[in-house]
Amino acid sequence: MLEEKNPIVLYHAMTHIGKESIHTEEIIKKLSGLSLKREPQDKLLGHYKVGDLAIATMIKLGEKESEISGFKILDDFEIKMVFRLFEEVEW
1198 MLEEKNPIVL
1208 YHAMTHIGKE
1218 SIHTEEIIKK
1228 LSGLSLKREP
1238 QDKLLGHYKV
1248 GDLAIATMIK
1258 LGEKESEISG
1268 FKILDDFEIK
1278 MVFRLFEEVE
1288 W
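The numbering of the sequence shown is my numbering, which starts it at 1198 and goes up by one.
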């Protein structure tokens, strides 16, 4: 499901992964790749991008922010947006 291009399908897949705490090496690898999706075409909901939810999902799964590829490239505003999304998602 994480190979899907449709952002709504990705949203449901990632929130399910976070809700059920599905933590495998393969899932973390795919989420890490998705965490870099920050372009306009990667829009998810409102201002949020696919990468934001991938990062929030990885944090929910217990990954350290300093080890998340997409987190390392965020500015302060984007970091606040990721944490706001983390709080808004009904895990």
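Backbone N, C-alpha and C define an ideal beta-carbon position, used for all residues, glycine too. Since we're looking at a predicted model, the values are computed, not measured.
Own chain partners of residue i with C-beta closer than 6 angstroms, once the 5 adjacent residues on each side are dropped
i, result
"Gly1267", "Ser1232, Leu1233, Gly1248, Ile1252"
"Thr1212", "Val1286"
"Glu1217", "none"
Proximity below 8 angstroms, CB of residue i to CB of residue j
i, j, result
"Gly1215", "Trp1288", "yes"
"Ile1225", "Glu1260", "yes"
Among the options, the one whose alpha carbon lies nearest that of residue i
i, options, result
"Gln1238", "Phe1283, Met1278, Lys1202, Lys1277", "Lys1202"
"Glu1264", "Lys1240, Lys1246, Glu1284, Leu1228", "Leu1228"
"Glu1275", "Met1255, Ile1205, Met1198, Lys1246", "Lys1246"
"Thr1254", "Val1206, Ile1219, Pro1204", "Ile1219"
"Val1206", "Leu1242, Lys1277, Glu1285", "Leu1242"
"Glu1236", "Glu1200, Lys1277, Glu1285, Leu1271", "Leu1271"
Integer Cβ distance of residue i from residue j, believed to fall under 8 angstroms
i, j, result
"Lys1257", "Phe1283", "7 angstroms"
Cut-off 8 angstroms between Cβ atoms - residues of its own chain near residue i, not counting five sequence neighbours on either side
i, result
"Ala1210", "Met1198, Leu1199, Glu1201"
Chain-order list of residues whose beta-carbon lies under 7 angstroms from that of residue i (same chain, five-residue window excluded)
i, result
"His1244", "Met1278"
"Leu1250", "Tyr1208, Met1211, Leu1241, Leu1282"
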